[in-house]
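Each position in the sequence shown, counted from 1, maps to that position plus 362 in our numbering.
Cβ atoms here follow ideal geometry from the backbone N, Cα and C, with glycine treated the same way.
For clarity, every value in this text was computed on a predicted model and none was experimentally measured.
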Amino acid sequence: MKQKIHAAAGVTAFLIILTFWSSTVLSEAFGTPETIALVKSRILNGMFALIPAMAIAGGSGMAIGRRRKDAPAAAKKKRMPLIAANGLLILLPAAFFLEAKASAGNFDGAFVFVQGVELLAGALNLTMMGLNIRDGRRMAARRKGLA
Numbered sequence: 363m364k365q366k367i368h369a370a371a372g373v374t375a376f377l378i379i380l381t382f383w384s385s386t387v388l389s390e391a392f393g394t395p396e397t398i399a400l401v402k403s404r405i406l407n408g409m410f411a412l413i414p415a416m417a418i419a420g421g422s423g424m425a426i427g428r429r430r431k432d433a434p435a436a437a438k439k440k441r442m443p444l445i446a447a448n449g450l451l452i453l454l455p456a457a458f459f460l461e462a463k464a465s466a467g468n469f470d471g472a473f474v475f476v477q478g479v480e481l482l483a484g485a486l487n488l489t490m491m492g493l494n495i496r497d498g499r500r501m502a503a504r505r506k507g508l509a
């Protein structure tokens, strides 16, 4: 049961971040300033779903993998602190900053710079989370093969 909760939370968090990232790219490329401001506002609102999903994925992953020493588990354990730090130290503050700037209609150089940093950090988290999903699927397949 823990594995199913962990997988659901991890995939949910990945899809939320993917939605944030792609919505940002699309609104920046094709949207109006009002659309960009709306996307930035919705991203902040989406944190109410993302943060619990990340916490559930992280907590359940730690409980499941506490005693595991195999390579996929070790790789996941190394990536998770980076994912969390990236989210808490870069992505969350950037979301607040960008929403404030966008809602004020202020798309200056600072907005553009932080937007670029946010997109890079988001892509990095998506990559690391995708690797965690891949490794988790391998671990589950191995577990099923042993059963």
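Less than 7 Å divides the Cβ of glycine 484 from the Cβ of tryptophan 383. For lysine 366, the enclosing alpha helix (DSSP H) has its first and last residue at 364-392.
The continuous alpha helix (DSSP H) containing alanine 437 extends over residues 433-448. Under the criterion of beta carbons closer than 8 Å, glutamate 461 and serine 403 qualify as touching, at roughly 6 Å.
Cβ-Cβ distances below 7 Å link glutamate 480 to Leu453, Ala456 and Leu460 in the same chain, with the five nearest sequence neighbours on each side left out; the list follows chain order. Comparing alpha-carbon positions, the option among Gly423, Val387, Ala411 and Leu400 lying closest to methionine 363 turns out to be Gly423.
About 7 Å separates the beta carbon of isoleucine 379 from that of leucine 412, a gap short enough to meet the 8 Å contact definition. Take arginine 441, set aside five residues on each side of it, and the residues of its chain with a beta-carbon closer than 7 Å to its own are Met490, Leu493 and Asn494, in chain order. One alpha carbon belongs to phenylalanine 475, the other to glutamate 390, and they sit about 13 Å apart. Shown here for alanine 419: same chain residues with a beta carbon closer than 7 Å to its own, the five before and five after excluded, namely His368, Ala371, Gly372 and Ala375 in chain order. Within its own chain, the residues whose Cβ lies closer than 7 Å to the Cβ of alanine 425, once the five positions on either side in sequence are excluded, are Lys364, listed in chain order. The three-state reading of DSSP puts aspartate 470 in coil, since its state is none of H, G, I, E or B. Burial is judged here by how many other beta carbons sit within 10 angstroms of a residue's own beta carbon; alanine 399 has at least 16 and is buried.
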